[in-house]
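*Asks:* Following this message is one structure expressed as structure tokens.
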Amino acid sequence: MGRDEGDKIMIYLLHGENFKESRKKLHSLVGSLFKKEPDVSKFLIDNESFSKELLEEMISGQTLFAGRYIVIVDKVFENKEAGEVVLEKLKLISKSENIFLFIEEKINKAILSRFKKWAEKIQEFPLKSEKKDNKFNIFGITDALGRRDRKGTWVLYQKALSEGIQPEEVHGILVWQIKNLLMVKDEKETGSLGLNPFVLRKSLGFASKYKKKELVKLSEELIRIPHESRRGMEDFNISLEKFILSF
3 MGRDEGDKIM IYLLHGENFK ESRKKLHSLV GSLFKKEPDV SKFLIDNESF SKELLEEMIS
63 GQTLFAGRYI VIVDKVFENK EAGEVVLEKL KLISKSENIF LFIEEKINKA ILSRFKKWAE
123 KIQEFPLKSE KKDNKFNIFG ITDALGRRDR KGTWVLYQKA LSEGIQPEEV HGILVWQIKN
183 LLMVKDEKET GSLGLNPFVL RKSLGFASKY KKKELVKLSE ELIRIPHESR RGMEDFNISL
243 EKFILSF
């Protein structure tokens, strides 16, 4: 097993290839620790300064400085021998009165597993993936609704949620779609509607799949969703999903 109950754990590990963000977090963490304990001393151990003896001094607190220390251990796992010494001493470090902040760019699963036994907190900072050119098109949902494709509408709604799009935004474009379909149903002279020619062409095709009374009913159901949500009658997302599964 790892640490025993009651052990004083003061190991933090920040790792990942987004070194800019992990450094930013490190500075923030050090700042917050200084606020809690203004009298602590700060030490840095990196590849150039690392030695087994220095690490042991930091663990035991046997230096010229009184009080507790914040020990920043910076990318020492780039040196295989230094990394092995650290892993060997992790249990002792976890029992130290001092605070050890490890920051690494790349560590393997075996090292991470060892830290999970003894670290109080582990935070990863991966590189942010580039934005995809094929960004989710929310208007695919309105097209599926127009086709009376209930399953397709639901699948695209779930995809929208997974992309971080809020239910309220989806609700808004569905209201817009039903409104357009009602307009083309009501107007014989569609040129006076002021719709974009592309939107108009689509709306005419979609409107033929619905009776007017069906569109009026759908419009009323959509308008009711935010009102009921504000009154606490039902969660907005659940209400919208029910609408999609039943239109």
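Start counting the sequence shown at 3; every next residue gets the next number (my numbering). Even glycine gets a Cβ: it sits at the ideal position worked out from N, Cα and C.
Within a Cβ cutoff of 8 Å, which residues of the same chain sit near Ile167, ignoring the five residues on either side of it in sequence?
*Replies:* In the sequence shown, counting from the first residue as 1, residue 167 sits at position 165. Result list for Ile167: Phe138, Ile140, in chain order.
*Asks:* Rounded to a whole number of angstroms, what is the C-alpha to C-alpha distance between Phe127 and Leu31?
*Replies:* Counted from its first residue, the sequence shown places residue 127 at position 125. Counted from its first residue, the sequence shown places residue 31 at position 29. If you take the alpha carbons of Phe127 and Leu31, they lie about 15 Å apart.
*Asks:* Starting from Tyr14, follow its DSSP beta bridges and name the residues at the other end.
*Replies:* Position 12 of the sequence shown, counted from the start, is the residue given in the question as residue 14. DSSP, once it has assigned bridges, lists Leu103, Lys123 as partnering Tyr14.
*Asks:* Within 10 angstroms of its Cβ, does His173 collect 16 or more other Cβ (buried), or is it exposed?
*Replies:* By one-based count along the sequence shown, residue 173 stands at place 171. His173 comes out buried.
*Asks:* Check for me: the alpha helix (DSSP H) holding Lys219 runs from which residue to which?
*Replies:* On the sequence shown, residue 219 is found 217 positions in, with the first residue counted as 1. Following the DSSP letters along the chain, one finds Lys219 inside the alpha helix (DSSP H) bounded by residues 214-232.
*Asks:* Return the Cβ separation of Val87 and Lys54 in integer angstroms, given the expectation that the two are a contact with Cβ distance under 8 Å.
*Replies:* Taking the first residue of the sequence shown as position 1, residue 87 is located at position 85. Taking the first residue of the sequence shown as position 1, residue 54 is located at position 52. About 5 Å separates the two Cβ atoms, so the contact holds.
*Asks:* Determine whether the beta carbon atoms of Ile47 and Trp120 lie at a separation below 8 Å.
*Replies:* Taking the sequence shown and counting its residues from 1, the one referred to as residue 47 is at position 45. Taking the sequence shown and counting its residues from 1, the one referred to as residue 120 is at position 118. Going by C-beta atoms, Ile47 is not nearer than 8 Å to Trp120.
*Asks:* With H, G and I counted as helix, E and B as strand and the rest as coil, what does DSSP make of Lys26?
*Replies:* The residue you call residue 26 lines up with position 24 of the sequence shown. Lys26: helix per DSSP, three-state reduction.
*Asks:* Please give me, in chain order, every unbroken run of the alpha helix (DSSP H) with length at least 4 that falls completely inside the segment 139-203.
*Replies:* 141-148, 152-164, 169-188
*Asks:* DSSP three-state call for Ser43: helix, strand or coil?
*Replies:* Translated into positions along the sequence shown, residue 43 becomes position 41. Here Ser43 sits in strand by DSSP.
*Asks:* Under 8 Å, with one C-beta from each stretch per pair, do the segment 221-234 and the segment 145-164 reach the 3-pair mark?
*Replies:* Counting C-beta pairs closer than 8 Å gives fewer than three between the segment 221-234 and the segment 145-164, which falls short of the contact rule.
*Asks:* Beta-carbon within less than 8 Å of Leu92's beta-carbon, same chain only, minus the 5 sequence neighbours each way: which residues are those?
*Replies:* Residue 92 sits at position 90 when you count from the first residue of the sequence shown. Within the same chain, Leu92 has close Cβ partners Ile13, Arg116, Phe117, Lys119, Trp120.
*Asks:* Taking the C-alpha atoms as reference points, what is the distance between Gln179 and Phe200?
*Replies:* Numbered from 1 along the sequence shown, position 177 holds the residue referred to as residue 179. Numbered from 1 along the sequence shown, position 198 holds the residue referred to as residue 200. Distance between the alpha carbons of Gln179 and Phe200: 13 Å.
*Asks:* Hey, could you find the ends of the beta strand (DSSP E) Ile109 is sitting in?
*Replies:* The count along the sequence shown starts at 1 and reaches residue 109 at position 107. That residue, Ile109, is in no beta strand (DSSP E); it is neither H nor E in DSSP.
*Asks:* Quick one: using the 10 Å Cβ neighbour count with 16 as the cut-off for buried, is Lys22 buried or exposed?
*Replies:* Numbered from its first residue, the sequence shown carries residue 22 at position 20. Residue environment for Lys22: exposed (fewer than 16 other C-beta atoms within 10 angstroms of its C-beta).
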